[in-house]
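Student:
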Amino acid sequence: MFARTFQGALSLSSRRLASTSAKIVPDLVPLKLDSIGSQSLYSVISIYNKKYLVTKGDKIILPFKLKDAEVGDSLIFNQVLTLGSPQYTYHDAKGIPQEAYNIQAKVVEITREPYYEVIRKKQRCRRGKTIPVEPYQTHLMINELKLT
Amino acid sequence: MPVKAIPKVSVARNGLGSYIVPCHKIRVNYCNWGGSSKGVREILKSGELNQLGLTKKSIFFEVVKRQGHPSVEFYYNNDSVKDIPVKNMEASDVLKKINQFSQASGAELFKWNHKVLSTNESVRGIWSPMHVAKNDRHKI
Numbered sequence: 001m002f003a004r005t006f007q008g009a010l011s012l013s014s015r016r017l018a019s020t021s022a023k024i025v026p027d028l029v030p031l032k033l034d035s036i037g038s039q040s041l042y043s044v045i046s047i048y049n050k051k052y053l054v055t056k057g058d059k060i061i062l063p064f065k066l067k068d069a070e071v072g073d074s075l076i077f078n079q080v081l082t083l084g085s086p087q088y089t090y091h092d093a094k095g096i097p098q099e100a101y102n103i104q105a106k107v108v109e110i111t112r113e114p115y116y117e118v119i120r121k122k123q124r125c126r127r128g129k130t131i132p133v134e135p136y137q138t139h140l141m142i143n144e145l146k147l148t
Numbered sequence: 001m002p003v004k005a006i007p008k009v010s011v012a013r014n015g016l017g018s019y020i021v022p023c024h025k026i027r028v029n030y031c032n033w034g035g036s037s038k039g040v041r042e043i044l045k046s047g048e049l050n051q052l053g054l055t056k057k058s059i060f061f062e063v064v065k066r067q068g069h070p071s072v073e074f075y076y077n078n079d080s081v082k083d084i085p086v087k088n089m090e091a092s093d094v095l096k097k098i099n100q101f102s103q104a105s106g107a108e109l110f111k112w113n114h115k116v117l118s119t120n121e122s123v124r125g126i127w128s129p130m131h132v133a134k135n136d137r138h139k140i
């Protein structure tokens with residue numbers, strides 16, 4: 001019988017989810033002024049082509065296990081379609097250049113959905129096949145959302 | 001009338017500022033004799049559990065030798081304990097189980113049908129028909 005304790009900083013690894021081609025950075029001064037130092041700012045980010053409308057402090061729940069991600073990792077988003085404040089919105093369906101903003105998330109939890117079983121049955125066969133289903137879930141916390 | 005500040009309760013959101021791994025302790029129970037503990041004995045002998053412990057520095061690992069089938073207990077921040085049976089499992093499967101449950105938060109499993117959970121107020125506000133200009137309102 002033995003016991004050990006560990007103390008120290010968590011390992012932080014950052015990676016990019018996708019890349020955008022070089023584009024001219026838009027002038028977002030009205031957004032900057034209206035969002036009061038990025039306090040009231042929202043954005044629509046794209047993760048594997050799915051759109052998520054987020055503000056700072058929101059939790060994103062991905063219905064899968066994010067590849068190569070571990071709890072405590074930081075993600076830098078560079079597929080951002082919309083940046084918005086109470087009065088103004090800037091939208092680019094092809095993605096806003098990454099120099100315009102800083103949006104980051106932390107992988108907070110990797111867990112699963114509750115277990116259930118699916119019974120698959122063929123016609124004219126009395127036997128059913130029981131398939132266990134327990135998909136993964138990844139929780140992300142948006143901890144940085146600001147204009148640069 | 002004196003001006004009063006609007007009271008607001010702060011909500012703890014792990015990961016917004018600093019992040020603390022919810023799993024803080026793992027206890028590995030195994031038997032030195034039984035065949036169902038073979039996989040657990042392997043990871044102890046080969047030093048794989050030591051390696052895993054070195055990568056997960058915020059988790060306290062405890063190894064207990066006892067009678068019966070092996071199990072791994074996970075202790076979480078929210079006072080919940082998950083006891084996962086690992087009997088007759090191979091060494092790699094036991095490591096997978098430890099990896100999986102050490103990244104969970106200890107909360108009950110739930111299928112969220114919402115993509116984003118937010119406690120913030122809406123940035124754009126809620127649309128109201130009463131605040132539309134009179135000429136643009138819907139007329140019955």
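Protein chains in written order, with the UniProt record's numbering: chain A, 1 to 148; chain B, 1 to 140. We put the CB at the ideal spot given by N, CA and C, even for glycine. Bear in mind that the values here come from a model prediction, so they are computed numbers and not experimental data.
Strictly below 8 angstroms CB to CB, what residues from chain A border residue 103 (chain B)?
Tutor: Simply 70, 71, 109, 110, 111.
Student: Measure from the C-beta of residue 19 (chain B) to each C-beta in chain A and report whether the shortest distance is under 9 angstroms.
Tutor: Yes, residue 19 (chain B) lies at the interface with chain A (some Cβ there is under 9 angstroms from its Cβ).
Student: Kindly identify the DSSP beta-bridge partner or partners of residue 82 (chain A).
Tutor: In DSSP, residue 82 (chain A) forms a bridge with A:44, A:91.
Student: Could you tell me which uninterrupted beta strand (DSSP E) segments, each at least 3 residues in length, are contained entirely in the UniProt domain "Ribosomal protein/NADH dehydrogenase" (32-105) of chain B, listed from first to last along the chain?
Tutor: Fully enclosed beta strand (DSSP E) runs of 3 or longer: 60-65, 71-76, 81-85.
Student: Got a sec? Which residues, its chain only, sit under 7 angstroms from residue 61 (chain A) by beta carbon, not counting five neighbours each side?
Tutor: Excluding sequence neighbours, residue 61 (chain A) sits near 137, 139.
Student: At a cut of 8 angstroms, does the region 117-124 of chain B reach the region 40-59 of chain A through at least three beta carbon pairs?
Tutor: Short answer: they touch.
Student: List, in order along the chain, the chain A residues whose C-beta lies closer than 7 angstroms to that of residue 112 (chain B)?
Tutor: Those within 7 angstroms of residue 112 (chain B) in chain A are 61.
Student: Check each candidate in A:100, A:121, A:125 and name the one with the smallest Cα separation from residue 145 (chain A).
Tutor: It is A:100.
Student: In its own chain, which residues sit with a C-beta less than 7 angstroms from the C-beta of residue 87 (chain B), not counting the 5 before and 5 after it?
Tutor: Closer than 7 angstroms at the Cβ level, and outside the excluded window around residue 87 (chain B), lie 36, 69, 70.
Student: Between the region 23-51 of chain A and chain B, which residues of the former have CB atoms less than 9 angstroms from a CB of the latter, in chain order?
Tutor: Under the 9 angstroms Cβ criterion, the region 23-51 of chain A contributes 35, 40, 41, 42, 50, 51.
Student: Answer yes or no: does any C-beta atom of chain B fall closer than 9 angstroms to that of residue 77 (chain A)?
Tutor: With 9 angstroms as the cut-off, residue 77 (chain A) does not count as an interface residue toward chain B.
Student: Could you tell me if residue 108 (chain B) is buried or exposed, where buried requires 16 or more neighbouring beta carbons within 10 angstroms of its beta carbon?
Tutor: That one is exposed.
Student: Is the CB of residue 135 (chain B) under 9 angstroms away from at least one CB in chain A?
Tutor: No, its Cβ sits nowhere closer than 9 angstroms to a Cβ of chain A.
Student: Roughly how many angstroms separate the alpha carbons of residue 89 (chain B) and residue 120 (chain A), rounded to a whole number?
Tutor: So the two alpha carbons sit approximately 28 angstroms from each other.
Student: Can you list, in chain order, the residues of its chain whose CB lies under 7 angstroms from that of residue 85 (chain A), leaving out five sequence neighbours each side?
Tutor: Within the same chain, residue 85 (chain A) has close Cβ partners 31, 34, 35, 40, 41.
Student: Quick one: is residue 90 (chain A) near chain B, going by C-beta distance under 9 angstroms?
Tutor: So, not an interface residue.
Student: Take residue 31 (chain B) as the anchor and find which of B:4, B:64, B:25 has the nearest alpha-carbon.
Tutor: Residue 31 (chain B) has its Cα closest to that of B:64, out of B:4, B:64, B:25.
Student: Quick check on this structure: which residue in B:123, B:103, B:128 has the alpha carbon closest to the alpha carbon of residue 20 (chain B)?
Tutor: Per the Cα distances, B:103.
Student: Quick check on residue 93 (chain B): buried or exposed, where buried means 16 or more other Cβ atoms within 10 Å of its Cβ?
Tutor: Residue 93 (chain B) should be labelled exposed.
Student: I'd like to know whether the C-beta of residue 10 (chain A) is nearer than 9 angstroms to at least one C-beta of chain B.
Tutor: Here the model assigns residue 10 (chain A) a pLDDT of 30, short of 50, so the residue's position is not dependable, and the following value carries that caveat. Yes, residue 10 (chain A) counts as interfacial toward chain B.
Student: Excluding the five sequence neighbours on either side, which residues of its own chain have a C-beta within less than 7 angstroms of the C-beta of residue 63 (chain A), listed in chain order?
Tutor: These residues qualify, in order along the chain: 135, 137.
Student: Mind checking who residue 116 (chain A) pairs with in its DSSP beta bridge?
Tutor: DSSP, once it has assigned bridges, lists A:133 as partnering residue 116 (chain A).
Student: Which residues mark the beginning and the end of the beta strand (DSSP E) in which residue 28 (chain B) is found?
Tutor: Run containing residue 28 (chain B): 23-30, per the beta strand (DSSP E) assignment.
Student: Taking only the alpha-carbon atoms, compute the straight-line gap between residue 139 (chain B) and residue 3 (chain B) and give it to the nearest angstrom.
Tutor: Roughly 41 angstroms separates the two Cα atoms.
Student: Does residue 101 (chain A) have its Cβ less than 9 angstroms from a Cβ in chain B?
Tutor: So, not an interface residue.
Student: Helix, strand or coil for residue 143 (chain A)? Go by DSSP, reduced to three states.
Tutor: Note: residue 143 (chain A) maps to strand in three-state DSSP.
Student: Can you tell me whether residue 117 (chain A) is buried or exposed, with buried defined as 16 or more other CB within 10 angstroms of its CB?
Tutor: Residue 117 (chain A) should be labelled exposed.
Student: Within 10 Å of its beta-carbon, does residue 130 (chain B) have 16 or more other beta-carbons around it, so buried, or fewer, so exposed?
Tutor: Exposed, because fewer than 16 other Cβ atoms sit within 10 Å of the Cβ of residue 130 (chain B).
Student: Nearest to residue 56 (chain B) by CA position, among B:78, B:100, B:110, is which residue?
Tutor: When only C-alpha atoms are compared, the closest one is B:100.
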